[in-house]
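One structure below.
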Amino acid sequence: MNKVKGYPQSFFCWMGYVYLVYGKNSGHLGISHKPGLDFTFWVRQGYKNFKLLTPALPIGTAAFFRDLFLKSNLDREGNNKQLINKIMTIGRRLLGLTSWEPTKGALVEPLMPPPIDEIELIKEIMEGRIFWREELIQSMIENKIKVRTPLEDILHWLHLKGDILLFPGVGYDANGKPCCKRCGQSTKLIKVKCAACQSEDFVCEECLNMGQSRLCRPLYARQKSEKIAKRDYEVKCNPKLEFDLSLAQKDAYDKAKDFVAKGKAKECLLWAVCGAGKTEVAYGAITTVLERGGKVLYTCPRREVIRELYLRLRSVWPQLSIKAVYGGSTDKYSQADLILATTHQTLRFYRMFDLVILDEVDAFPLAGNPMLYHVVERARHQSGQVLWLTATPPTNLIERVNRRELEVIYLPARHHGYPLPEPKIITDPFLKWFGNKRVLKFLIKCIEVTLKQRVQILVFVSSVMEVKKLVKLLANCNLIQPSWVRGCYANCSRREEIINSFRKGEFPILVTTTVLERGVTIPRLNVLVLYADDERVFDNNTLVQIAGRVGRASTYPQGNVWFIGQRVTHSMASACKQIKNFNQLAYKRGYLLK
Amino acid sequence: MLNLLFFKGKFCTWCGRPFRYGAFCHNCLEKLDYSKQQLKPCKYCGRFLPLNSSDICSQCQVELPVFHKARAVGAYRGILKEMIWELKYKGRRSLVKPLGQLLANITIKALRTERPHIIVPVPLTKFRLRARTFNQSELLALALGKELGISVGNDILIRTKETIPQAGLSRQQRWRNLAGAFRVKEPSKIRGSHLLLVDDVLTTGATASVCTHFLLGSGAVKITVVTLATGIEKSNYSL
Ligand SMILES: [Zn+2]
Ligand SMILES: [Zn+2]
Ligand SMILES: [Zn+2]
Ligand SMILES: [Zn+2]
């Protein structure tokens, strides 16, 4: 047969049975796609009687009925036919299934278990992972492992032994409500029919980018085992810093290290000002975990950050095995001590890491995405810790800090020891939308100041439309040269080129939307937020991030931040207050130069 | 502003922006339209041609297609190409309904008052269906059927043979490749009827032609083809 391009193997649809097996003292309810394997396993444990309770069902449905039977007082011999039928009827009603053929007392023949060496291989490669069978195959290819027994049989045997968890991609809760067990969400489930196994199916579109999660598809998970790898970690783990830590960094560094060394608190927030070098501060904590033989995950929603960090950290720990995993990276499945991953990619880890570092927790697309919180939490080992790194924590974290439920480490000063430039608020109640002379007047004033200082200016507006309008307005105002101003936004085709040109200082004024609130560092810069009172776009955190663009370089630690609007919003006020508070704290602790 | 506050509509399946009615949001629809700007469909096979060229593409000038006519929602590029990719390779089912609406629009535009009797999707082989768990053409056909109120015969045409990818094959090789790849299960169902054949993309038209061949051979009288996307003929003189 011709090889079908793009589909190297068929999806594994798990169709199987709920069974009851009982021995002298106890009974056990299980699900299996090949009950013969279970039969062999339980007979070896001294169980005797084996009985199928249902016809073949997709795994989601089978697991639902198993749980339903578990909750009921099914006597351990399962002789109560009436009760079994009653439970089945209840279950079918909850799921809206039509009745099915009564299960015939199909004879289950014992099957040989998979060979031990193959079992051990798979057990090892599954460590700390949560996979579809197809992902496991990919992992085996990358790790150059081969087995002859069908993978699902080996995995099932490990499940019987208690080494692997088996659950459906999409499963039901006790009330028969479907939910994706991979990403934890139930908002984007779509009812479909699986053409492969002909079952009524659900597929989850929340995590679709990472493959189809379905009712008939099994997930296999194994947590990292407790055994501690003893290697020459002391030699390996001392971080090589590119520069000396500042006083403020040193304090935070020690505190973060302490948090991990003591291991008492589960979580800790490292709240740093923008551009304070928060990543370096986490090196001590990372080292402590690695020296213990633990595993560390450093995750951030943005792919660029992960790639850049990979290069940096490789020179910090040249002897350590470090790996970067992001959409499009080549080897996603091999092992390493320190793993850097975009937040989406943590979906494939299961109870693996002793320390999870979450960078830029508030950045899109993590903010407001419960799925990502769910998968990051799942990647942490049960005894592991979480360190949040951010300049702008989401409100729920701040609330927990205020209630003293969450430990916090402040890093209030930048490496160069100068205070953060504090925003100047300019309000004018008659400031209307574009076309108004007043708008232009304020803008030109700020631009004049900027040009006199021989620096560049980033002008933030709330929408793409406004970028276009403002660029036109400024270019035609006859007060500045038209070539001095350009615009840039998320889907703008020449985005990279424009940003690079601005970086090189080829023109002084760049108008943009909030897409540039993070990541772009220009040494000599002022920023201006026009209509900063538009709270839908410019919330507290966005304003803090925007203000944090300014004064980062030690060669030019000053700079101007302007918020222009009709009125002062709560967000504007609180952003200014937050920046002031950090400056005061830094001053009090003696982190500032003067 | 008020619109935003009191918004109770739906969200665009593609970009997530809120919108009121139709298949996708205004923005995405505009982008979809953009794929066929300055182009018109070939009178017969529906492939897109530059506005200033003749009404018939070079291929149809040599030999008219066996089907009545073919039409596509847009050209195979840009946002439409991305959507088809998401549907076909990632299985993003939420796209099926809005894309089905677009197919319905193009069908009505192509056939006006003429109403086909049965909708037939281009099938996959059993093996391939198992590997993929769904047939995107069938999903589209079902959505289109719902929109137009026409029944879908997804068991009429059966694919019996896996074919190698068509790209790089000559015309003759293509036909040989596809010969015997299909079978009509119940010819009685389609005898004397006008069928609407649905596929995701019409590239060379070979698949559609072969399907048509089998369907006509089993008693159907007229086949119209609708697809999401089709190719563009750059210039009439390029061949
Ligand atoms: Zn999901
Ligand atoms: Zn299935
Ligand atoms: Zn849209
Ligand atoms: Zn033509």
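Quick note, the sequences are listed as chains A and B, same order.
According to this note's numbering, the stretch in the first sequence is residues 30 to 623, in order.
According to this note's numbering, the stretch in the second sequence is residues 27 to 265, in order.
Note that CB positions come from ideal geometry on N, CA and C, so glycine has one too.
Under 8 angstroms, do residue i and residue j count as touching if we go by C-beta distance?
i: T456 of chain A; j: Q595 of chain A; result: yes
i: S106 of chain B; j: A255 of chain B; result: The question names Ser, but residue 106 of chain B in the sequence shown is Leu. Contact: yes.
i: A285 of chain A; j: I438 of chain A; result: yes
i: L376 of chain A; j: V404 of chain A; result: yes
i: G588 of chain A; j: V500 of chain A; result: no
i: F567 of chain A; j: A561 of chain A; result: yes
i: N570 of chain A; j: D391 of chain A; result: yes
i: R197 of chain A; j: A92 of chain A; result: Note that residue 197 of chain A corresponds to Pro in the displayed sequence, not to Arg. Yes; because the gap between Cβ atoms is below 8 angstroms, this pair is in contact.
i: L557 of chain A; j: V488 of chain A; result: yes
i: V199 of chain A; j: K210 of chain A; result: yes
i: T159 of chain B; j: F40 of chain A; result: yes
i: S168 of chain A; j: I154 of chain A; result: yes
i: V146 of chain B; j: G104 of chain B; result: no
i: V122 of chain B; j: D225 of chain B; result: no
i: A615 of chain A; j: P422 of chain A; result: no
i: R336 of chain A; j: A353 of chain A; result: yes
i: L342 of chain A; j: L367 of chain A; result: yes
i: C42 of chain A; j: P84 of chain A; result: no
i: L384 of chain A; j: L418 of chain A; result: no
i: L166 of chain B; j: L129 of chain B; result: yes
i: C245 of chain A; j: C212 of chain A; result: no
i: L99 of chain A; j: L58 of chain A; result: yes
i: V540 of chain A; j: G516 of chain A; result: yes
i: A157 of chain B; j: I258 of chain B; result: no
i: E451 of chain A; j: K609 of chain A; result: yes
i: V47 of chain A; j: L82 of chain A; result: yes
Check the DSSP bridge columns for residue i and list the partner residues they point to.
i: G59 of chain A; result: A:Y48
i: N351 of chain A; result: One point to set straight first is that residue 351 of chain A is Ile, not Asn, in the sequence displayed. Paired residue(s): A:L367.
i: I159 of chain A; result: A:A250
i: A602 of chain A; result: For A602 of chain A, which the question treats as bridged, DSSP gives no partner whatsoever.
i: N78 of chain A; result: A:Y51
i: C329 of chain A; result: A:T371
i: E181 of chain A; result: Its beta-bridge partners do not exist; DSSP assigns none.
i: C297 of chain A; result: A:L416 and A:E436
i: A96 of chain B; result: B:V251
i: P44 of chain B; result: B:F37
i: R185 of chain B; result: B:F208
i: S177 of chain B; result: B:I144
i: F378 of chain A; result: A:R158
i: L86 of chain A; result: A:G45
i: T256 of chain B; result: B:A101 and B:L228
i: D388 of chain A; result: A:L418
i: V488 of chain A; result: A:V540 and A:L557
i: L65 of chain B; result: B:P76
i: K453 of chain A; result: A:W591
i: R409 of chain A; result: A:F382
**Request:** Ignoring anything shorter than 4 residues or poking outside the region 507 to 549 of chain A, list the alpha helix (DSSP H) runs there in chain order.
**Result:** 524 to 532
**Item:** Any 3 or more C-beta pairs closer than 8 angstroms across the region 81 to 89 of chain B and the region 35 to 43 of chain B
**Value:** no
**Item:** Contact the region 379 to 386 of chain A vs the region 410 to 420 of chain A: 3+ CB pairs below 8 angstroms
**Value:** yes
**Residue ranges of each beta strand (DSSP E) within the region 549 to 598 of chain A, 3 or longer** = 554 to 559 and 590 to 594
**Asked** Would the region 573 to 580 of chain A and the region 473 to 482 of chain A be scored as touching if the rule is three or more Cβ pairs under 8 angstroms?
**Response** no
**Message:** Assess contact between the region 298 to 307 of chain A and the region 338 to 352 of chain A, defined as three or more Cβ pairs (one per stretch) separated by less than 8 angstroms. Is contact present?
**Reply:** no
**Asked** Which whole runs of the beta strand (DSSP E) in the region 190 to 241 of chain B are 3 residues long or more, in chain order?
**Response** 208 to 210 and 220 to 228
**Prompt:** How about the region 328 to 343 of chain A and the region 363 to 375 of chain A: do they share at least three Cβ pairs that are nearer than 8 angstroms?
**Reply:** yes
**Message:** Please give the ranges of any alpha helix (DSSP H) in the region 170 to 245 of chain A, keeping only runs that are unbroken, at least 4 residues long and fully inside the region.
**Reply:** 180 to 189
**Asked** In chain order, what residues have a CB nearer than 5 angstroms to some heavy atom of ligand 2?
**Response** A:C42, A:C223, A:A225, A:C226 and A:C245
**Prompt:** Would the region 156 to 171 of chain A and the region 108 to 122 of chain A be scored as touching if the rule is three or more Cβ pairs under 8 angstroms?
**Reply:** no
**Request:** Kindly provide the ranges of any beta strand (DSSP E) runs that are 3 or more residues long and lie completely inside the region 67 to 129 of chain B, ordered along the chain.
**Result:** 74 to 76 and 95 to 101
**Asked** On the three-pair Cβ rule with 8 angstroms, is the region 209 to 226 of chain A touching the region 234 to 249 of chain A?
**Response** yes
**Request:** With ligand 1 as the reference, list in chain order each residue whose Cβ lies under 6 angstroms from any of its heavy atoms.
**Result:** A:C209, A:R211, A:C212, A:Q214, A:C233, A:E235, A:C236 and A:S242
**Asked** Can you pull every residue whose C-beta falls closer than 6 angstroms to some heavy atom of ligand 3, listed in chain order?
**Response** B:C38, B:W40, B:C41, B:R43, B:F50, B:C51, B:N53 and B:C54
**Prompt:** Do three or more CB pairs link the region 245 to 260 of chain B to the region 214 to 224 of chain B at distances below 8 angstroms?
**Reply:** yes
**Prompt:** Should the region 111 to 119 of chain B be called in touch with the region 67 to 79 of chain B, which here means at least 3 C-beta pairs below 8 angstroms?
**Reply:** no
**Message:** Would the region 59 to 79 of chain A count as touching the region 272 to 280 of chain A if we require 3 or more Cβ pairs under 8 angstroms?
**Reply:** no
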